[in-house]
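Reviewing the structure listed below.
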Amino acid sequence: MKVVILGGKLCDSLQPLTSGSMLKLELLGEPLIFYILDNLLGLPVSEIIVIVNYNPSEVEMLFPDGDYKGMSVSVVCDDSSLSTAESVKNAVGEDDETVLVISGESYFEFNLGEAFSRHIINNNDATIICKTVEDPREFAVINETTDGRITEIVEKPDWSGVFSDLVNCGVFFIEHNILDFVKENKSNDFLKDLFCEALEKGLKIYSYKSTDYWCNINSCNSLKKIQFDLLSGKARKKIPFVASGVFTKTSVPNGNFVIVPPVFFSNNVQVENGAVIGPFAIIGEGSLIAK
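For the sequence shown, the numbering used here gives the first residue as 9, with consecutive numbering after it.
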């Protein structure tokens, strides 16, 4: 299986945090892409291709040896005028391996192994990981049959067009016949174009409904929420800790100060004696906390 991670575009609401790359956005001292890649460990991945359309060197420097925990990673800078589907088709070439496409604009903890197994066992042409949400208007809404076969996809409808609370999470498995729908000089969006045309042709596109943690990162509030959920344990990813509720990349700073958990310390942090840190404090690298 090949994996394509889409680097995303500049997010105005997160500037200047994403000026280098959305994939370098830090969550508790680690770039977002590392969290994404950890979800792939143990899967039969032959190659990971990261597609960006600005500042490729910012992502390349994260992988100086071209790998991550034994998985091959390459970074491709694509023409920003190309559609997402065109970029994916160019990146994966003509091999007939299943392709896992991941949007690099969210944090998730999906069971990708189970989703992949179901995709293969059911001989699906595409499998879209979905979740139910309270307000689906910001996402692609999914309509399906009782057995999970998708019949309709509507991108960001208003309330009058909302027929379901099930939405696309930006993670999906596809076979190469889906990429055959890419056309030159035409719109080639996966959701609005390729998947809709594939549905019209009768191809098998199914949902994989997950209850695992997922959060789209489109604002400072969502960025804060993910990190607070990691600290509180609502998100299951294990963060290094030195005591209950005290998380750190290396060690807790020296000094006579009070910690009110949960708290995260990055590297090279200094805290003055008498200071009170927390709760839900995230201390970035090189910070100096005064009393």
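In this text, a Cβ means the ideal position worked out from N, Cα and C, and glycines have one as well.
Am I right that Gly169 and Val162 are in contact with their C-beta atoms under 8 Å? What's the rounded C-beta distance? 6 Å
Please give me, in chain order, every unbroken run of the alpha helix (DSSP H) with length at least 4 that falls completely inside the segment 65-153. 92-100 and 120-129
Where the alpha helix (DSSP H) through Glu293 begins and ends: Taken as a continuous stretch (DSSP letters only), Glu293 belongs to no alpha helix (DSSP H), as it is neither H nor E.
Work out the CA separation of Lys139 and Asn196 for me, nearest whole Å. 24 Å
Using beta carbons (cut-off 9 Å, strictly below), is Asn119 in contact with chain C? Absent here is chain C; the protein component of the structure consists of one chain.
Grouping DSSP H, G and I as helix and E and B as strand, with all else coil, what is Ala251? strand
Is Ser111 buried or exposed, if buried means 16 or more other CB atoms sit within 10 Å of its CB? buried
Quick one: using the 10 Å Cβ neighbour count with 16 as the cut-off for buried, is Trp167 buried or exposed? exposed
Determine the closest residue to Ala283 out of Ile291, Leu231, Val96 and Phe265, with distance taken between C-alpha atoms. Phe265
Considering only residues of the same chain and omitting the five flanking positions on each side of Asp201, which have a CB-CB separation below 6 Å? Ser195
Pick out whichever of Glu117, Val250, Val254 and Ala206 has its Cα sitting closest to the Cα of Asp220. Glu117
Beta-carbon proximity list for Phe236, same chain, < 7 Å, skipping 5 on both sides: Phe288
Could you check what DSSP says for Ser215 in three-state terms: helix, strand or coil? strand
Compare the Cα-Cα distances from Ser172 to each of Ser65, Cys228 and Ile158 and report the closest residue. Ile158
Alpha carbon of Leu231 to alpha carbon of Lys242, nearest angstrom: 14 Å
Which residue from Lys32, Met79, Leu22 and Pro64 puts its Cα closest to that of Met9? Met79
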